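Let me begin by presenting the structure, written as structure tokens, before commenting on it.
Numbering (the numbering used here), first residue to last: 11 to 565.
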């Protein structure tokens, strides 16, 4: 049957033979779903949260690509475990939803049988809930699409607490989808079918399926571990003295070496406000807790933290400690403090700096310090400070006339990282990233007072709504969020929410999937790349509805 489908498509496209078929479903609410059908009938379908559905014959598997490696689960096992764990919602007794034929309708040039609810009273609008094709050459696509819907329901109950049997119409629709191939289901439409090269690994299981007992144990364990843990709230990560140092937003410091199994807790004495590393070595600024009247600058030397000097706080907040320049710089809410030898040279700021609600990125470039502020859904933006005079400028360019303009709006855009552009050494680039239910972000260049979009990447390449597609292409909602940025050779390396992007002088970017990570006492770390260390943090969850996000650490 599948071979008939492939031959049928090839007759419409008289070109070289292909090894399979790609079907694209699009939805305004859920984005696009790609279904691949190999010539032996095996199928692969993408859907939300880094998951794929693999179909071998009558057996379907969910593949979740986690940072620590893939987990493969039989769909039937997931259904059984979910039903055993969840108590069905008490639904009022009565007739269950059913659907009746409403004639023939077409979707993107394909005709199918339309269905509406049987209980809609006469004279009322009767929205079509599904259109099914009975073409047997599309059956493999239909089976895979239906199994994706089943998987989403089960995972929704596991991940988001959907109550079992809470949506009887959805359950009835699953039964209806067994009668044909969905050309339409609610707002999801079959957009395109095309021949495609289907490599064997696209429909292969990347690991043996977990047993039903292991699945139940894992779900129970992950449910108990779901609470936010301060250990994972990493606000700063640096590499110095052959160690990776991790600082949480609550001032707790730990470190580890490559190949270790555990992190080591560090106690420099007092709450650690920030750390940095450069030609001067590894430095930390701490608060001894004595009414916050002073801070202490400490240096890591011969395996110990040694105090170097005390700095009066004057009732200010520490924004960041930087080692980018020839001498360390402590940036407070009202001062720029140059730390040279045993002296501290203060430059008052022309205006008080706001503190990032989660983290602040500082980058020294020539006579200026760029301060990227991440306040989550409240924005943050970019400030530029003249190191000689302390003059503070808010760097932005707001266009579009809406509430949140682009390319850079301090009221809406959290800036997570700043780096010098290798092919334009007089310019810097900043990473903008926000995941608050949906994602938005972009890489923006700043050359003097000129602010331009450098790079943005839409998440959904098949977005059919032109306005939403245009917004995503410009880095608005629906685009990749960027949380890390650094220079490597003649490229910029940006950490997006879906992997690494290496951007060259022509603005072309190559995308790289995340390498494998290792769980280090709750923090995911990867030493797999030769030039960078990757650290996942949950700190953005403090003030946005998001999950983990990446930090880039230069070796």
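Beta carbons are placed, not taken as given, at the ideal position from N, Cα and C, and that holds for glycine. Just so it is clear, the structure is predicted and the values come from calculations on it, not from any experiment.
Contact check, residue i vs residue j, beta carbons under 8 Å
i	j	result
residue 409	residue 416	yes
residue 34	residue 202	yes
residue 489	residue 455	no
residue 327	residue 304	no
residue 506	residue 527	no
residue 560	residue 546	yes
residue 187	residue 535	no
residue 441	residue 391	no
residue 396	residue 425	no
residue 360	residue 386	no
residue 260	residue 240	yes
residue 321	residue 307	yes
residue 200	residue 117	yes
residue 325	residue 339	no
First and last residue of the uninterrupted beta strand (DSSP E) at residue i
i	result
residue 308	304-311
residue 203	198-206
residue 383	378-384
residue 69	69-76
residue 497	492-498
residue 563	559-564
residue 373	369-375
residue 520	519-522
residue 35	30-37
residue 332	328-332
residue 437	434-446
CA-to-CA distance, residue j to residue i, given in whole angstroms
i	j	result
residue 277	residue 257	11 Å
residue 292	residue 284	11 Å
residue 37	residue 469	13 Å
residue 502	residue 511	8 Å
residue 151	residue 472	18 Å
residue 464	residue 420	17 Å
residue 135	residue 127	11 Å
residue 345	residue 295	15 Å
residue 462	residue 372	20 Å
residue 414	residue 388	11 Å
residue 562	residue 350	28 Å
residue 102	residue 180	Confidence in residue 102 is poor, its pLDDT being 47 and thus under 50, which makes the residue's placement too unreliable to answer from.
residue 141	residue 195	7 Å
residue 565	residue 541	6 Å
residue 106	residue 129	10 Å
residue 41	residue 474	9 Å
residue 592	residue 483	In this structure the chain extends from 11 to 565, so residue 592 is not present and cannot be described.
residue 500	residue 431	8 Å
residue 111	residue 81	40 Å
residue 74	residue 215	11 Å
residue 486	residue 315	44 Å
residue 273	residue 60	28 Å
residue 405	residue 480	24 Å
residue 51	residue 159	19 Å
residue 318	residue 309	7 Å
Neighbourhood of residue i by C-beta, 8 Å cutoff - its chain only, sequence neighbours within 5 removed
i	result
residue 30	16, 46, 47, 48, 49, 205, 206, 207, 208
residue 336	289
residue 270	530
residue 496	427, 429, 502, 503, 542, 562, 564
residue 219	71, 82, 83, 84, 87
residue 299	280, 281
residue 121	114, 115, 143
residue 94	226
residue 377	396, 397, 398
Range of the contiguous alpha helix (DSSP H) that encloses residue i
i	result
residue 478	476-483
residue 63	No alpha helix (DSSP H) contains residue 63, which is instead part of the beta strand (DSSP E) from 61-66.
residue 45	Segment 41-48 is the beta strand (DSSP E) holding residue 45; no alpha helix (DSSP H) there.
residue 180	178-187
Close Cβ partners of residue i (< 6 Å) along its chain, the five nearest in sequence each way excluded
i	result
residue 89	164
residue 198	35, 37
residue 287	248, 250, 333
residue 155	192
Same chain, Cβ closer than 7 Å to residue i, five either side skipped, listed in chain order
i	result
residue 56	43, 44, 62
residue 113	124
residue 168	92, 229
residue 438	373, 375, 380, 428, 429, 430, 431, 456
residue 364	383
CB contact below 8 Å: residue i versus chain C
i	result
residue 514	Reference to chain C is not applicable here, since this structure consists of a single protein chain.
Notebook entry, point to check: Would you call the region 538-558 and the region 436-448 in contact, with 3 or more CB pairs under 8 Å?
Noted result: yes
Item checked: Meets three-Cβ-pair contact criterion under 8 Å: the region 214-229 and the region 175-193 -> no
Note to self: Can you confirm whether the region 512-519 touches the region 527-539 when touching is taken to mean that 3 or more C-beta pairs between the two stretches lie within less than 8 Å?
What the structure shows: no
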